[in-house]
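Here is the structure we will look at.
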Amino acid sequence: MSDWAGIAWLVVLLAFNAFFVGAEFAVISARRSQIEPLAEKGSRSAKTALYAMEHATLMLATSQLGITICSLLILNVSEPAIHHLLAGPLGLTGLAETTVDVIAFIVALLLVSYLHVVFGEMVPKNLAFSVPDRAVLMLATPLVWVSRVFHPVIVALNWVANSILRLFRVEPKDEAASTFTLEEVATIVNQSRIEGVLDDAAGTVAAAVEFSDKKAGEVAVPLADLVTLPESTTPDEIERAVATHGFSRYVIVDAGGEPVGYVHLKDILRAAEGSRSEADVVRRIAPKRIHQMVPVMDTTDLEDALALMRRAGRHLAQVRDQEGRTTAVLFLEDIIEELVGEVQDATRRGRR
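Numbering (the working numbering), first residue to last: 75 to 426.
Here is the structure:
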């Protein structure tokens, strides 16, 4: 092989090495959330990229095999060619042949190492980190084809590597992690706000993250802070309560102060529409007008309490402690406020 052919092979091998490095980092850096919509629209490259991300260890084994082969060939093919090209001019200096060989070898080794590290490693790595989604769409398809061509060898090498991991009680994973814990999401949101890439002036995104970490007892209104009405209350008394406090829903309690349900203003108005005498207005409300509250524990996750209330079609939940005692009442309005901020009842005047 001529010296200039060796230089040409150096360029080709550096390109292949860069491809394997870029593909390796693209597969582990790309986000499924960006690739999946493209795959659903029918993009073949996106579908192949998802396959590569779902078989990450196989793709990494393919990349590592390619990088290793390219690195060995670069050293064995290119270094002698550069060494020989340098030996001629250095021989004209009158230095001893041994000295010329040593200098030519050192210069060739440094040059090849520099080109390999910069153009074969760092440039493709940084490129894949900078635009991972675009990189994986371009590089995943050829990487998958290489993995299929050398499938038996790669599977064997991957099996050996995974077996060694299991000896150390580490279970290998085929797919790169693409999910986050609640704490990690909160950190991402906070960091994004600091960096100025997430506009959350109202705090809605942060509230949604914190919402999943709250319990029903933290948001519920204690019984002592509620505006309650007795079971013997009348439509007239409820209307006066609305005029005084402005709330549309009121908790009904028994003689011992234990909540038994709640009434809504619209139910009283419907009852009044069918009244034929003023006596009906001062008569005790019918039990059927009292809505049952959803029972939840004070340790119930707020999102689970919301799901229970939605399934039951109730706006209020009865919060109980570990001993089964009712300690508070959870309002749907208060749950919504945890997500979107303060929500005012249309005629609100005071506390519940």
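We put the beta carbon where it would ideally sit given N, CA and C, even for glycine.
Because the structure is a prediction, the values reported are computed rather than measured.
CB of residue i within 8 Å of CB of residue j, strictly
i, j, result
"HIS225", "LEU88", "no"
"LEU134", "ILE156", "no"
"LEU390", "MET371", "no"
"ALA214", "VAL293", "no"
"SER119", "LEU211", "yes"
"ILE342", "ILE364", "no"
"ALA123", "ALA92", "no"
"GLY140", "VAL220", "yes"
"ASP408", "VAL316", "no"
"LEU125", "VAL244", "The sequence shown places Tyr at residue 125, not Leu. No, they are not a contact pair."
"PHE99", "ALA202", "yes"
"LEU376", "LYS247", "no"
"ILE177", "LEU164", "yes"
"ALA290", "ALA386", "no"
"HIS158", "ASP77", "yes"
Of the listed residues the options, nearest to residue i (C-alpha basis)
i, options, result
"LEU404", "LEU339, LEU164 and LEU297", "LEU297"
"VAL151", "ALA97, ASN200, ARG208 and VAL86", "VAL86"
"VAL327", "HIS338, LEU339, THR307 and LEU134", "THR307"
"ARG357", "LEU84, PRO309, MET212 and VAL220", "PRO309"
"VAL160", "LEU183, SER145, ILE141 and LEU147", "Here residue 160 is Leu; the residue named in the question, Val, does not match the sequence. Checking every option, the nearest Cα to that of LEU160 belongs to LEU183."
"ALA97", "ARG314, LYS199, ASP341 and VAL293", "LYS199"
"THR302", "PHE321, LYS288, LYS289 and GLY291", "PHE321"
"PHE406", "GLU128, GLY398 and VAL393", "The displayed chain sequence assigns Leu, not Phe, to residue 406. The shortest C-alpha separation from LEU406 is found at VAL393."
"ILE359", "LEU339, ASP378 and THR374", "LEU339"
"ARG323", "LEU112, LEU300 and THR136", "LEU300"
"PHE90", "PRO163, LEU164 and PHE193", "PHE193"
"ALA209", "LEU380, ILE109, TRP83 and ARG384", "ILE109"
"ARG388", "MET196, VAL325 and LEU84", "VAL325"
"GLU397", "TRP78, THR373 and ALA329", "THR373"
"THR400", "VAL334, LEU380, SER204 and ARG385", "VAL334"
"ALA402", "ILE410, GLU332 and MET383", "GLU332"
"THR136", "ASP395, GLU305, ALA230 and ARG314", "ALA230"
"PRO304", "HIS319, THR318, ALA329 and ARG314", "ALA329"
"LEU112", "ILE410, THR142, ASP207 and ALA82", "ASP207"
"ILE81", "ILE238, PRO154 and THR142", "PRO154"
"GLN138", "GLU195, TYR336 and SER237", "GLU195"
"VAL337", "PRO361, HIS319 and ASP395", "PRO361"
Residue i (DSSP reduced to helix, strand or coil)
i, result
"HIS158", "helix"
"ILE410", "helix"
"PHE99", "helix"
"ILE359", "coil"
"ILE326", "strand"
"VAL205", "coil"
"LYS340", "helix"
"VAL244", "coil"
"PHE321", "coil"
"ASP375", "strand"
"LYS199", "helix"
"THR307", "coil"
"ARG399", "coil"
"ALA391", "strand"
"VAL38", "Outside the displayed range of the chain (75 to 426) lies residue 38, so it cannot be described from this structure."
"HIS365", "strand"
"GLY291", "helix"
"PHE405", "strand"
"GLY335", "strand"
Supposed close pair residue i, residue j - CB separation, criterion 8 Å
i, j, result
"CYS144", "PHE94", "7 Å"
"ASN232", "LEU146", "With 8 Å as the limit, ASN232 and LEU146 do not qualify as a contact, their Cβ atoms being about 20 Å apart."
"LEU241", "ILE148", "Not confirmed; about 33 Å, so no contact."
What beta strand (DSSP E) runs, 3 residues minimum, are completely inside the region 137 to 190?
-> Taking 3 residues as the minimum length, the region 137 to 190 contains no beta strand (DSSP E) run wholly inside it.
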